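Step one of this worksheet: look at the structure below.
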């Protein structure tokens with residue numbers, strides 16, 4: 009009897025201590041352990057020095073804005089200006105983000121599917137559907153709907169030879185958004201499409217469409233896109249669990265099922281549902297990203313601890329160049345050493 013009383017007393021004491029310390033497991037509100045490695049001040053100095061360098065890949069894309077952060081907040085940022093250029097980009101500069109729109113649309117699809125993408129979703133979101141005729145300019149206008157864009161020219165034409173082969177083109181998402189078995193958004197114009205994405209991604213993310221192209225029509229700011237990335241790091245969106253999933257090879261020079269890629273320099277990146285996986289065997293770090301043609305480059309690191317953005321708007325193109333700079337800033341941030 010005494011032994012039982014002793015055991016009960018011991019168990020109650022242990023339970024009381026656990027409750028007080030919130031350390032018995034199963035507590036989803038417990039903060040994540042602090043990342044190991046350099047402190048924030050060291051990381052910030054390294055990233056800032058790298059972004060402002062006049063001798064690395066970042067020098068070629070000036071002017072631009074950059075930031076890095078974790079799941080709770082922006083931790084470092086800066087506006088890098090160019091001598092003789094009056095343009096200054098900040099966190100709140102509104103701009104067209106081109107193909108960075110793709111990550112947002114695929115995250116919306118994931119929300120609609122409660123994280124369970126169908127085989128059809130995967131085929132369209134990994135650009136294997138065969139709908140490869142959409143021209144980035146001219147095939148959608150500001151007064152269109154999703155369906156009227158699909159109906160123009162050859163946009164509704166499926167090329168059998170392109171089915172189940174990677175071909176980077178906005179036509180996949182345009183068609184997918186219009187299908188009754190897809191997202192059934194065909195009747196939506198710019199305003200309706202923006203409202204629909206915000207309904208599921210969050211009303212705190214401000215965005216609009218210059219034309220109703222899910223794959224390339226978004227206008228937003230770095231500050232708003234960062235809110236989306238932090239939601240991924242916080243597992244607040246189903247896309248968080250889908251990062252890197254269902255990936256396909258993309259380089260026609262090395263991949264027999266790839267036909268067209270915008271990635272230069274011979275990089276062998278893969279493409280998952282609406283985003284790139286930077287996992288080249290020799291020059292990749294496994295980050296997830298979605299660079300846009302005008303130079304907007306958002307990323308989440310392979311550990312899903314950090315996010316970052318390089319933001320600029322270059323009408324003559326520059327997604328690959330921003331990705332090169334962004335990768336340097338990311339490495340500087342993670343390692344604490346300037347590049």
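Residue numbers (the numbering used here): 9 to 347. No residue lacks a Cβ here, since even glycine has one placed at the ideal position from N, Cα and C. Keep in mind the model is a prediction, meaning the values are calculated, not measured.
In its own chain, which residues sit with a C-beta less than 7 Å from the C-beta of residue i, not counting the 5 before and 5 after it?
i, result
"residue 237", "306, 308 and 315"
"residue 347", "58, 64, 336, 339 and 340"
"residue 176", "135, 268, 269 and 270"
"residue 53", "none"
"residue 189", "128"
"residue 287", "277, 278 and 294"
"residue 167", "138 and 140"
"residue 196", "153, 154, 204 and 220"
So residue i and residue j are supposed to be a Cβ contact under 8 Å. How far apart are they, rounded?
i, j, result
"residue 198", "residue 216", "7 Å"
"residue 348", "residue 271", "Summary: the structure shown does not reach residue 348, with the chain confined to residues 9 through 347, and so no result is reported for it."
"residue 73", "residue 205", "Between residue 205 and residue 73 the Cβ distance is about 23 Å, and since that is not below 8 Å, they are no contact."
"residue 78", "residue 241", "7 Å"
"residue 324", "residue 103", "So it is not a contact: roughly 14 Å between Cβ atoms."
"residue 86", "residue 56", "6 Å"
"residue 191", "residue 180", "At roughly 12 Å, the Cβ-Cβ gap does not stay under 8 Å, so residue 191 and residue 180 are not in contact."
Let's test the definition: count the other Cβ atoms within 10 Å of the Cβ of residue i and tell me whether it reaches 16, buried, or not, exposed.
i, result
"residue 203", "exposed"
"residue 105", "buried"
"residue 261", "exposed"
"residue 332", "buried"
"residue 145", "exposed"
"residue 38", "Because residue 38 sits at a pLDDT of 41, beneath the cut-off of 50, its placement in the model cannot be relied upon, and the point is left open."
"residue 300", "buried"
"residue 269", "buried"
"residue 92", "exposed"
"residue 182", "buried"
"residue 45", "exposed"
"residue 330", "buried"
"residue 165", "exposed"
"residue 334", "buried"
"residue 84", "buried"
"residue 273", "exposed"
"residue 163", "buried"
Would residue i and residue j qualify as a contact pair, given that the criterion is a beta-carbon distance under 8 Å?
i, j, result
"residue 88", "residue 59", "yes"
"residue 130", "residue 231", "no"
"residue 193", "residue 119", "no"
"residue 257", "residue 174", "yes"
"residue 285", "residue 278", "yes"
"residue 298", "residue 108", "yes"
"residue 283", "residue 114", "yes"
"residue 154", "residue 326", "no"
"residue 161", "residue 221", "no"
"residue 214", "residue 228", "yes"
"residue 259", "residue 248", "no"
Keeping to the same chain, check which residues put their C-beta closer than 8 Å to that of residue i; ignore five residues upstream and five downstream.
i, result
"residue 377", "Since the first and last residues shown for the chain are 9 and 347, residue 377 lies out of range."
"residue 122", "246"
"residue 235", "210, 212 and 213"
Looking only at its chain, what residues have a beta carbon closer than 6 Å to the beta carbon of residue i, apart from the 5 residues adjacent to it on each side?
i, result
"residue 51", "341 and 344"
"residue 110", "223, 282 and 298"
"residue 311", "none"
"residue 201", "217 and 220"
"residue 171", "138"
"residue 62", "none"
Examine the Cβ distances between the stretch 249-258 and the stretch 284-296 and report whether three or more of them are shorter than 8 Å. The stretch 249-258 is in contact with the stretch 284-296.
On the three-pair Cβ rule with 8 Å, is the stretch 130-146 touching the stretch 97-104? Result no; under three Cβ-Cβ pairs closer than 8 Å.
With a threshold of 8 Å, are at least 3 pairs of Cβ atoms found where one atom belongs to the stretch 318-325 and the other to the stretch 112-127? no
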